[in-house]
Amino acid sequence: MEIIVAKNSGFCFGVKEAINTTMNVLDEYKEDIYSLGPLIHNNQAIERLEELGLSVIDNVDDINYGKIIIRSHGVPLDVYKIAEDKDIELIDCTCPFVRKIQKKARDCYDRSINVVIIGDPNHPEVIGINGWCGDSAYIINNEEDVEAMPELENVCVVAQTTMTSEKFNNLSKLIDNKSTNTEICNTICNATKVRQNSCEEVAKKADAMIVIGGYHSSNTQKLVEISKKYCGNVYHVETVDELPMDDFKDYETVGITAGASTPTWIIEEVINKMEELLEDGMVSLDKGDIVEGEVITVGEEEVVVNVNYKADGIISKEELSSDTEADTKDIVSVGDKIDVLVLDTNDGEGNVVLSKKQVDNEKTLNDLETSYENGEVVSAKVNGVVKGGVTVNLNGIRGFIPASQVSNSFIKDLETLVGETLDSKIIEFDKSKNNIVLSRKEVEAKEDASNKEKVWSNIKKGQKIKGEVKRLTNFGAFIDIGGIDGLAHISELSWSRVENPSEVLNVGDEIEVLILNLDEEKERVSLGVKQLTPHPWDEVEENYKEQSIVEGKIVRILDFGAFVELEPGIDGLVHISEISDVHIEEPGEVLKVGETVKVKILNIDADERKMGLSIKEADPVQNEAIKKYSSSNDDDEGPTIGDRLGDIFK
Ligand code: F3S
Numbered sequence: 004m005e006i007i008v009a010k011n012s013g014f015c016f017g018v019k020e021a022i023n024t025t026m027n028v029l030d031e032y033k034e035d036i037y038s039l040g041p042l043i044h045n046n047q048a049i050e051r052l053e054e055l056g057l058s059v060i061d062n063v064d065d066i067n068y069g070k071i072i073i074r075s076h077g078v079p080l081d082v083y084k085i086a087e088d089k090d091i092e093l094i095d096c097t098c099p100f101v102r103k104i105q106k107k108a109r110d111c112y113d114r115s116i117n118v119v120i121i122g123d124p125n126h127p128e129v130i131g132i133n134g135w136c137g138d139s140a141y142i143i144n145n146e147e148d149v150e151a152m153p154e155l156e157n158v159c160v161v162a163q164t165t166m167t168s169e170k171f172n173n174l175s176k177l178i179d180n181k182s183t184n185t186e187i188c189n190t191i192c193n194a195t196k197v198r199q200n201s202c203e204e205v206a207k208k209a210d211a212m213i214v215i216g217g218y219h220s221s222n223t224q225k226l227v228e229i230s231k232k233y234c235g236n237v238y239h240v241e242t243v244d245e246l247p248m249d250d251f252k253d254y255e256t257v258g259i260t261a262g263a264s265t266p267t268w269i270i271e272e273v274i275n276k277m278e279e280l281l282e283d284g285m286v287s288l289d290k291g292d293i294v295e296g297e298v299i300t301v302g303e304e305e306v307v308v309n310v311n312y313k314a315d316g317i318i319s320k321e322e323l324s325s326d327t328e329a330d331t332k333d334i335v336s337v338g339d340k341i342d343v344l345v346l347d348t349n350d351g352e353g354n355v356v357l358s359k360k361q362v363d364n365e366k367t368l369n370d371l372e373t374s375y376e377n378g379e380v381v382s383a384k385v386n387g388v389v390k391g392g393v394t395v396n397l398n399g400i401r402g403f404i405p406a407s408q409v410s411n412s413f414i415k416d417l418e419t420l421v422g423e424t425l426d427s428k429i430i431e432f433d434k435s436k437n438n439i440v441l442s443r444k445e446v447e448a449k450e451d452a453s454n455k456e457k458v459w460s461n462i463k464k465g466q467k468i469k470g471e472v473k474r475l476t477n478f479g480a481f482i483d484i485g486g487i488d489g490l491a492h493i494s495e496l497s498w499s500r501v502e503n504p505s506e507v508l509n510v511g512d513e514i515e516v517l518i519l520n521l522d523e524e525k526e527r528v529s530l531g532v533k534q535l536t537p538h539p540w541d542e543v544e545e546n547y548k549e550q551s552i553v554e555g556k557i558v559r560i561l562d563f564g565a566f567v568e569l570e571p572g573i574d575g576l577v578h579i580s581e582i583s584d585v586h587i588e589e590p591g592e593v594l595k596v597g598e599t600v601k602v603k604i605l606n607i608d609a610d611e612r613k614m615g616l617s618i619k620e621a622d623p624v625q626n627e628a629i630k631k632y633s634s635s636n637d638d639d640e641g642p643t644i645g646d647r648l649g650d651i652f653k
């Protein structure tokens, strides 16, 4: 809670002078001291003065000896005469500002100028001023009074010193309209205005306002009015005992002001009481305490925290977070409620020294211990590679993962993990030594097992599924289908003959495969790739016509002929009798696997997936080449048919 005391609250200059003078007189004479009317509008102050020997009288005639103190409001002029006649000493404490109005009224009276006083006709100050002009003044307190006033010539308008400017301006204008030759003297005391402005200023900031002063004091009532205009919780009290203290526990800002007649000691009592409440609500701090605080300011190098203590707490950047690279504003914001450790209750400049980092680290350690005990997975950010493994950051706490525990699979370079966050399990925990050892391998193994289980329950024979090529061997490709590896045999990769899987697949390829077979017990899945593409023989009659000449590649040579592939998956047989016009003992004499040749399609049997081809009927030039090669190749020397066919088809 914050307490704001309005400047210029309490005794004004005139009242202060009157009180001081009275105290001095009481101190000197002790008895037969009287005040004509209560010295100020404050019962408590009056009671105290009475205890010191001051008696209040209403009329000079009430006494025949002694001393009479005239209060700051002043008195009618005849009071002086009566006192003089009775030989009673008057101690005149009329405020100089009031005296000035009295003199003005007297001067007007002497010059037959009508005096109009804007003010409360029952207020002693107004009664006093009127007494200086033979009680002839017109006293105006509202518009009706102006209406009732006769039309006047030669008028002087003055104001009660505590009148509001607004009321004075309105009424003096109406009076001016109704009279001729009007002199308007604004005699409102500035002390009142200044006090009211201070009150307004504080009321605008406060959740609650305490206005101290007599219930019958007009200037105090005016302060109450102003406070209510700007603040929803206004408490008008005469003494500290009237304050409902419980109400104030919930207010963050409390304003205090006091009327002109409120003694300083009453104001001080209220302030002290509120400060006690403030202190009651404050915690007592000791080194090592952990308390909650609210962030008040966030600077680049330090953060200021209200810990409900008489002094604010400071957290240096080093004590804010384990992440020393982070900006302070990324860690906390104004208004955040945070737990802090008290490192020192006084840094030499009165501030409390705090640490957030140490509280956070302690909490993290406790959380990690719980995770260790429960076998839970924690997030570990790799921040470096050391001998034998990697170091990790566990929310500000250092941990270690041995190389053997980093992964289920082999990791060639541990540096590649720096910056990565690994889900890991704590396998060793020693809080006292800050020793935390983790394993990511265990988590991976568990994840793999659960993935596998999930995959097995979701796959079935004949299902199409996406996979990633993990490994190629000479007999096929291992493809990961979401946690388990299936094998696509080399014969299942393509409709055409494949010598090596690398001809059709690369490691890392993401492809769709067909599940051909599965055996959960043996953990085997057979996959097919070619099955997801149409078989070329299905479209052979649209793409190939009998008697047409096409090119093909010799893929196999047998005793009775050679197979020529027209496209992957479609090959036909060139019978040995269809190779050349000349006699050939074996097809291999003139043909070679891999060579490209022209062939004529003799017949197509789509149902049986067979095709009869002829080389000798395909191209005369090619025929010539074969013949020549055949005749020159008796001794197995000279250029191969492949060379010459190559020449032909270049
Ligand atoms: Fe005098 Fe002004 Fe106070 S007139 S008594 S100083 S309010």
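Taking our numbering, the leading residue of the sequence shown gets 4, the next gets one more, and so forth.
Backbone N, C-alpha and C fix where the C-beta goes; we use that ideal spot for every residue, glycine too.
Treat the numbers as computed from the prediction; the structure is a model and nothing was measured.
So for residue 212, helix, strand or coil by DSSP?
Reduced to three states, the DSSP call for residue 212 is strand.
Tell me, which residues are paired with residue 131 by DSSP?
Paired residues: none, contrary to the question.
Inter-residue spacing [alpha-carbon to alpha-carbon] between residue 615 and residue 419
Distance from the CA of residue 615 to the CA of residue 419, rounded to the nearest whole angstrom, comes to 59 Å.
Which runs of the alpha helix (DSSP H) fall wholly inside the region 422-491 and span at least 4 residues, in chain order?
Entirely contained in the region 422-491, the alpha helix (DSSP H) runs reaching 4 residues are, in chain order, 444-461.
Same chain, Cβ closer than 6 Å to residue 640, five either side skipped, listed in chain order
Caution applies to residue 640, whose pLDDT of 47 falls short of 50 and renders its modelled position unreliable; the model cannot decide the point.
Assign residue 319 to one of three DSSP states: helix, strand, or coil.
Looking at residue 319 - three-state DSSP - the assignment turns out to be strand.
Distance between beta carbons of residue 384 and residue 424, contact taken as under 8 Å
Right, their Cβ atoms sit about 5 Å apart.
How about residue 195: is its Cβ closer than 7 Å to a heavy atom in the ligand F3S?
For residue 195, the Cβ falls inside the 7 Å cut-off from some heavy atom of the ligand F3S.
By alpha-carbon positions, which one of 225, 315, 105 and 428 ends up nearest to residue 354?
Distances from the alpha-carbon of residue 354 to those of 225, 315, 105 and 428 put 315 closest.
In whole angstroms, what is the alpha-carbon distance linking residue 514 and residue 398?
Using only the alpha carbons, I get a separation of about 40 Å.
Only counting runs of 4 or more residues, tell me where the alpha helix (DSSP H) segments fall wholly within the region 156-182, in order along the chain.
Those alpha helix (DSSP H) runs which fall completely within the region 156-182 and span 4+ residues are 168-181.
Hey, residue 162 and residue 190: beta-carbon distance below 8 Å or not?
At the C-beta level, residue 162 and residue 190 come within 8 Å of one another.
Taking 6 Å as the limit between beta carbons, can you name the residues of its chain near residue 15, skipping five residues before and five after?
Contacts found: 194 and 263.
Can you give me the C-alpha to C-alpha distance between residue 104 and residue 44, rounded to a whole angstrom?
Those two C-alpha atoms are separated by around 21 Å.
So what does DSSP say about residue 527, is it helix, strand or coil?
In the displayed model, residue 527 falls within a strand according to three-state DSSP.
Determine, using beta carbons only, whether residue 256 and residue 7 come nearer to each other than 8 Å.
Between residue 256 and residue 7, the gap from beta carbon to beta carbon is short of 8 Å.
Who are the near neighbours of residue 630 in its chain, counting only those whose CB is closer than 8 Å to its CB and skipping five residues on each side?
In the same chain as residue 630, and ignoring 5 residues on each side of it, the C-beta atoms closer than 8 Å to its own belong to 583, 584 and 585, in chain order.
For residue 42 versus residue 36, is the C-beta spacing smaller than 8 Å?
The answer is no: Cβ separation not under 8 Å.
For residue 112, count neighbouring Cβ atoms within 10 angstroms of its own Cβ and tell me buried if that reaches 16, exposed if not.
By the 10 Å Cβ count, residue 112 comes out buried.
Under 8 Å Cβ to Cβ from residue 561, same chain only, skipping five residues before and after it: list those, please.
If the five residues before and after residue 561 are omitted, its C-beta is found closer than 8 Å to the C-beta atoms of 590, all from its own chain and listed in chain order.
How is residue 392 classed by DSSP in three states: helix, strand or coil?
Of the three classes helix, strand and coil, the one that applies to residue 392 here is strand, per DSSP.
Any contact of the region 495-509 with the region 431-446, i.e. 3+ C-beta pairs under 8 Å?
Contact between the region 495-509 and the region 431-446 is absent: fewer than 3 CB-CB pairs across the two stretches fall below 8 Å.
Helix, strand or coil at residue 230 [DSSP, three-state]:
DSSP places residue 230 in helix when its eight states are reduced to three.
Give every residue of the same chain whose Cβ lies closer than 7 Å to the Cβ of residue 652, excluding the five residues on either side of it in the sequence, and list them in chain order.
Reliability fails at residue 652, whose pLDDT of 46 lies under 50, so the model's placement of it is uncertain and the value that follows must be treated cautiously. Residues of the same chain with a CB within less than 7 Å of the CB of residue 652, apart from the 5 flanking positions on each side, are 599 in chain order.
Identify the continuous beta strand (DSSP E) that holds residue 566 and give its terminal residues.
Unbroken beta strand (DSSP E) run through residue 566: 564-570.
Leaving aside the five residues before and after residue 438 along the sequence, list all residues of the same chain whose C-beta is less than 7 Å from its C-beta, in chain order.
These residues qualify, in order along the chain: 431.
Taking Cβ to Cβ, would you say residue 229 is nearer than 8 Å to residue 259?
No, these two residues do not count as a Cβ contact at 8 Å.
Of all the CB atoms in chain C, is at least one closer than 8 Å to the CB of residue 70?
The structure shown contains no chain C, having only a single protein chain.
With distances taken Cα to Cα, identify the nearest neighbour of residue 59 among 503, 465, 350 and 34.
Cα-wise, what sits closest to residue 59 is 34.
Contact set for residue 463: own chain, Cβ-Cβ below 8 Å, skip 5 residues either direction:
Closer than 8 Å at Cβ, skipping near neighbours: 518 and 521.
So, using beta-carbon positions, are residue 164 and residue 203 closer together than 8 Å?
The criterion of a C-beta distance shorter than 8 Å is not satisfied by residue 164 and residue 203.
Hey, is residue 115 close to the ligand F3S, as in C-beta under 7 Å from one of its heavy atoms?
Relative to the ligand F3S, even the nearest heavy atom lies 7 Å or more away from the CB of residue 115.
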